[in-house]
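S.K.: In the working numbering, the protein residues as written are 120 to 211.
1. For residue 120, which of 200, 174 and 188 has the nearest alpha-carbon?
2. Who are the near neighbours of residue 193 in its chain, counting only those whose CB is closer than 8 Å to its CB and skipping five residues on each side?
3. Mind checking which residues open and close the beta strand (DSSP E) that includes residue 171?
4. For the ligand FAD, any of its heavy atoms closer than 6 Å to the Cβ of residue 138?
5. With a CB to CB cut of under 6 Å and the five nearest residues on each side skipped, what residues in its chain are close to residue 145?
See the structure below:
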């Protein structure tokens, strides 16, 4: 889901690794060096423009797609050349 909405920071699945009895996905994501701090207002404006409603401080709902997007704060969104890059999104 992240790759469809935030294609500039799309994950690539490299494979899986087993640690003890747990299986983990190994992913790669582009490394982007930020040149500014993401502002919560800019994040909210961007997501609302794309059909998400702010339901809690760091959570957004898109009723059309039935998606909840969480953990969206200024440390999980970075800015480069005045563009927002979402790097650690949680979809429910």
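Built from N, CA and C at the ideal position, the CB exists for glycine as well.
M.R.: Reading it off the structure:
1. Looking at 200, 174 and 188, the one whose alpha-carbon comes closest to that of residue 120 is 188.
2. 156, 157, 158, 159 and 162
3. Careful: residue 171 lies outside any beta strand (DSSP E) and carries neither H nor E.
4. Judged by which ligands are present, the structure shown has none, so any question about the ligand FAD falls away.
5. 133, 134 and 136
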